[in-house]
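Comments concern the structure below.
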Amino acid sequence: MLWDWNYTWEILPDLLSAAVITIEVTLLGFVIAAVLGLVLAILRMLGPVLAAPVSVFVEVVRSTPLLIQIFFVYFVLPKFGVTIDAFTAGVLALGIHYATYCSEVYRAGIEGIARGQWEASIALNLGLATTFKDIILPQAIPPVVPALGNYLVALFKETPLLSAIAVLELMQTAKIMGSETFRYTEPITLVGLLFLIMSLVSAALIRVVERLLNRRYAR
Amino acid sequence: MGLRSIVLLLIATVALLAILSLQSQFQIFLPGLIEGAWMTVRIAALGCVFAVVCGVTAALLRLYGPLPLRWLARGYIEVFRGTSALVQLFWLFFVLPYFGVSLEPFTVAVLTLGLNVGAYGAEVVRGAIQSVPRGQWEAGTALNMTRGQMLKRVILPQAVVTMIPPWGNLFIELLKATALVSLITITDLAFKAQEMNQTTLKTVDIFTLVLLIYLAMSLTLTIGMRSLEKTAGRGLARGRVH
Amino acid sequence: MIADANRPMVRYDSVTKRYGPLTVIDQLDLAIAPGEKVALIGPSGSGKTTVLRMLMTLERIDGGVIWVDGEPLTHVERNGRMVPADGRHLRRVRGKIGMVFQHFNLFPHMTALRNCMEAPMAVLGLSKAEAEQRAAELLAMVGLADKTKHYPAQLSGGQQQRVAIARALAMRPKVMLFDEVTSALDPELVGEVLNVIRKLGAEHNLTMLMVTHQMGFAKEFADRVAFFYRGKIEEAGPPDQIFTEPKSERTRQFLRAVLEAV
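Chains as they are written, first to last, in this note's numbering: chain A, 84 to 302; chain B, 16 to 257; chain C, -10 to 251.
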């Protein structure tokens, strides 16, 4: 038959617990991406000596497939003495990959700050760290939150790649179910629907956040 | 990154590849990797063409089609943007046969990547068409053209120029996404890398080469698209006259 | 329809246009004779541009009928009632109208010559050779014979507007609409465009409807001037009457404000 409803209800609980893993991966990965992205953005602003290697790194990571980067982190790092499990490797790879995209977002946000803010900080003798912490970042970050949110959703949608290194997220679980029962239709379709629903919901949430932020920080 | 930096980076990448290929420890991997790279290029090229077809069609249907087709286009765009390429790839590879449709992996790959990137492309096309100033439509009406004539002769040629940079980015995404087809048994560059890694465990060597090859392909594509941007923009005023 | 020398070329019959709660044109009645040159003047927001745009079918009408050369423009008569016309009828009647815009709206990806050739080929079915010849003649007439291969970005505002006039004329309209065609030009370029319009008026029997702030030009060129205020014609008549002995106080106020600005 084309669709076995009994089978569907059977697998749903396992898929939902796998969804938890997917969400864990997403959130951890995004934290790394958001923080590392900010670090990269700031490094790029601290002078040409630091900016050049960071730019090259960002370009290399953005120009090569995420899958290869996942393999790289999982297979290559152990050769240098760092042994990590698949989950950590996956989270790291996702985090680093999306940190490069986030760094571009931060850069745009920081460059969007009026020059007068920097000049006022110099006039008040505030020092670089304080300037960043109290003046620049609080103004730069809220407008870019929607863009960051979009990358959160993008990262979330890429978590199935971790099935390639056997992390038990949604896609890997679906594939195992399929290979055990030879019924792929229900598991994979359900996974697709779950992703679709979650991504549509987050897109709507991001729009709400955007509207709220615009009201507070209207330029 | 500016065009010059990208060209420099490409030269450095190719130089590094050349140096490595002269060393015997790397040389053994090259034939297999090049074979895989060729498969990647073929899938990427066909996928890009199909993506443009899907994107333009979906955008035009969404903007000017009859109501049911408009909803169909909207649905297509939402579904393929709301799920990732891998999920779509697996669905079309594992599930479609149960509906009686048996396709070769290569076809599934090109189809999926084209549909996926085409969904994003549709929004690019739509945005570009809507960015053409209203006055152009009004001039067409004043000259008594039909809507189809206006689209073909006046609007789309102008929209195309605006579209090239975002499409360039989408093509790069498609190139990177080809690595996913290794997970549905297609012997592309990523597949060859995994295969060789499992047999020789020379992980660092293999993956360094693979990263460099992907980087070279990506940078070349970027340079190509930027040059296309420049030639297409000739004759048109940069920024509006009025 | 029997040709009638007394029949107006364009007739607005109780035409109304609304934007939501705002009535922009209020039951307008206006008849324009063949070959007549009418200038529409008035403060911004008075609806004079809308009058032109409705005739060019760029705006929809909410009430009344516009007649062009004896036929209704956006409607057809069926069983004694007016029903909305289909696309074919609309395009057939609309083909008699041409328009020149304030911001030129030239096609930036085509040369001046090609701009003037495109519609005759696509809409009138002219061959490339015929369209090219017609375009070349018209560009020569507006004084741009040496600029045919130039792109709009390479032309001055006055030159672009003259190309726009040639482009509209290439469709051989019976009625030409000019929507503030010199308002976007630097002052020293205004004269060359007005000269072309004068030439058109002298050499061709075109019906012309122009919205303009060039009062001097209107006084010398127009057969009739209509002063618009809040969607209605406040006062209309020969230029001598309107400019030297306006009957309405609002007309006087407007003219005073405009002439003071000079």
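Idealized CB from N, CA, C, for every residue including glycine. Remember, predicted model here, so these are calculated numbers, not experimental data.
Is it the case that the CB of residue i approaches a heavy atom of the ligand SAH more closely than 8 Å?
i       : result
VAL71/B : Summarising the ligand content, the structure contains no ligands, and the ligand SAH is consequently not present.
Can the beta-carbon of residue i be found closer than 9 Å to that of residue j?
i        : j        : result
ALA124/B : THR193/B : yes
VAL185/C : MET106/C : no
PHE41/B  : PHE154/A : no
ALA173/C : HIS92/C  : yes
GLY36/C  : ARG187/C : no
GLY112/A : LEU238/A : yes
ALA109/C : TYR140/C : Before going further, note that residue 109/C is Pro rather than Ala in the sequence given. No.
ALA104/A : VAL236/A : First, the amino acid is wrong: residue 104/A is Ile here, not Ala. No, the pair does not count as a contact, with Cβ atoms beyond the cut-off.
THR28/B  : LEU227/B : yes
ALA30/B  : ASN94/C  : no
MET232/B : THR55/B  : yes
VAL137/A : LEU126/A : yes
SER204/A : LEU101/B : no
ILE222/C : ALA215/C : yes
LEU19/C  : ALA225/C : yes
ARG103/C : ALA124/C : yes
What does a CB cutoff of less than 7 Å around residue i pick up in its chain, not counting 5 residues either side in sequence?
i        : result
GLY34/C  : none
ALA59/B  : LEU189, LEU190, THR193
VAL67/B  : GLY136
MET71/C  : VAL54, PRO61, HIS64
ALA101/A : LEU251, GLU252, LEU253, THR256
ARG96/B  : ALA134, TYR135
ALA117/A : CYS185, LEU231
LEU288/A : none
ILE219/A : ILE193, ILE196, GLN200
Starting from the Cα of residue i, find the closest Cα among the options and give me that residue.
i        : options                                : result
PRO96/A  : VAL227/A, THR171/A, PRO226/A, LEU253/A : LEU253/A
VAL159/A : ARG19/B, ASN212/B, TRP53/B             : ASN212/B
TYR91/B  : GLY62/B, LEU101/B, ALA137/B            : ALA137/B
ALA246/C : PHE167/C, GLY84/C, MET204/C            : MET204/C
PRO176/C : ALA157/C, SER145/C, PHE210/C, GLU60/C  : SER145/C
PRO221/A : ALA230/A, ILE196/A, PRO243/A, LYS240/A : ILE196/A
THR171/A : VAL108/A, LEU288/A, THR272/A           : VAL108/A
LEU123/A : ALA191/A, ILE218/A, LEU283/A           : ALA191/A
THR147/A : GLY130/A, ALA176/A, PRO161/A           : ALA176/A
THR177/B : THR246/B, ILE187/B, ILE199/B           : THR246/B
ILE50/C  : GLU121/C, ARG7/C, ARG83/C, ASN(-5)/C   : ARG7/C
LEU322/A : THR235/B, LEU45/B, THR98/B             : With chain A running from 84 to 302 in the structure shown, residue 322/A is simply not present.
VAL200/C : ILE14/C, LEU29/C, PRO10/C              : LEU29/C
PHE108/B : ALA208/B, GLY248/B, ILE199/B, ASP220/B : ILE199/B
THR46/C  : PRO235/C, GLY69/C, PRO73/C             : PRO73/C
ILE170/B : PRO181/B, PRO180/B, THR156/B           : THR156/B
PHE65/B  : THR235/B, LEU185/B, GLY17/B            : LEU185/B
VAL110/B : ASN297/A, ARG290/A, LEU85/A            : LEU85/A
VAL82/C  : VAL71/B, LEU158/B, GLY142/B, PHE114/B  : LEU158/B
Keeping to the same chain, check which residues put their C-beta closer than 6 Å to that of residue i; ignore five residues upstream and five downstream.
i        : result
SER197/B : ASP203, ALA205, PHE206
TYR267/A : GLY261
MET240/B : GLY183
ASP168/A : none
ALA286/A : none
PRO228/C : LYS208, ALA211, VAL214
VAL156/A : ALA172, LEU175, ALA176
Can you find the residues in the same chain that come closer than 8 Å, C-beta to C-beta, to residue i, ignoring five residues on each side of it along the sequence?
i        : result
THR196/C : MET(-2), VAL(-1), ILE21, ALA22, PRO23, GLY24, GLU25, LYS26, LYS163, VAL164, MET165
ARG253/B : At ARG253/B the pLDDT is 43, less than 50, meaning the model places this residue with poor confidence; the figure from the coordinates comes in the next sentence. Nothing meets the Cβ criterion.
GLU85/C  : The sequence shown places Lys at residue 85/C, rather than the Glu named in the question. Correct list, in chain order: VAL57, ASP58, PRO162, LYS163, VAL164.
VAL179/C : GLY147, THR171, GLN203
LEU295/A : none
So with CB distances below 9 Å, who are the chain D contacts of residue i?
i        : result
ILE151/A : Note that chain D does not occur in the displayed structure, where the protein chains are A, B and C.
List, from N- to C-terminal side, the alpha helix (DSSP H) runs of 4 residues or more that fit wholly inside the stretch 204 to 231 of chain B.
204 to 215
Checklist entry - Relative to chain C, which residues along the stretch 150 to 177 of chain B have a C-beta separation below 7 Å, given in chain order? => result GLY150, GLN151, GLU153, ALA154, THR156, ALA157, LEU158, ASN159, MET160, GLN164, ARG168, VAL169, PRO172, GLN173
So if I threshold CB-CB distances at 9 Å, which residues from the stretch 179 to 213 of chain B count as touching chain A?
ILE187, LEU190, LYS191, ALA192, THR193, ALA194, LEU195, SER197, LEU198, LEU204, ALA205, ALA208, GLN209, ASN212
Worksheet entry | Within the stretch 127 to 171 of chain A, ranges of the alpha helix (DSSP H) (whole runs, at least 4 residues) | 131 to 146, 149 to 154
Quick one, which residues of the stretch 271 to 284 of chain A are near chain B if we go by CB-CB under 9 Å, in chain order?
ILE271, THR272, VAL274, GLY275, LEU276, PHE278, LEU279, ILE280, MET281, SER282, LEU283
List, from N- to C-terminal side, the beta strand (DSSP E) runs of 3 residues or more that fit wholly inside the stretch 214 to 250 of chain C.
221 to 226
* To do: Please name the residues in the stretch 128 to 146 of chain A whose beta-carbon is closer than 7 Å to at least one beta-carbon of chain B, in chain order.
  => SER138, VAL139, GLU142, VAL143, SER146
Within the stretch 17 to 65 of chain C, ranges of the beta strand (DSSP E) (whole runs, at least 3 residues) = 26 to 30, 52 to 57
Review point. For the stretch 87 to 100 of chain C, which residues have a beta carbon sitting closer than 9 Å to at least one beta carbon of chain B?
Key: GLY87, MET88, VAL89, PHE90, GLN91, HIS92, PHE93, ASN94, LEU95, PHE96, PRO97, HIS98, MET99, THR100
task: Ignoring anything shorter than 4 residues or poking outside the stretch 89 to 160 of chain C, list the alpha helix (DSSP H) runs there in chain order.
output: 101 to 111, 117 to 130, 146 to 158
Report task. With 8 Å as the limit, tell me which residues of the stretch 103 to 135 of chain C have their beta carbon closer than that to any beta carbon of chain B; keep them in chain order. Result -> GLU107, ALA108, ALA111, VAL112
Item to complete: Name, going along the chain, the residues of the stretch 116 to 137 of chain B whose beta-carbon falls closer than 7 Å to a beta-carbon of chain A.
Response: none
Whole alpha helix (DSSP H) elements within the stretch 154 to 210 of chain C, 4-residue minimum: 176 to 192, 204 to 210
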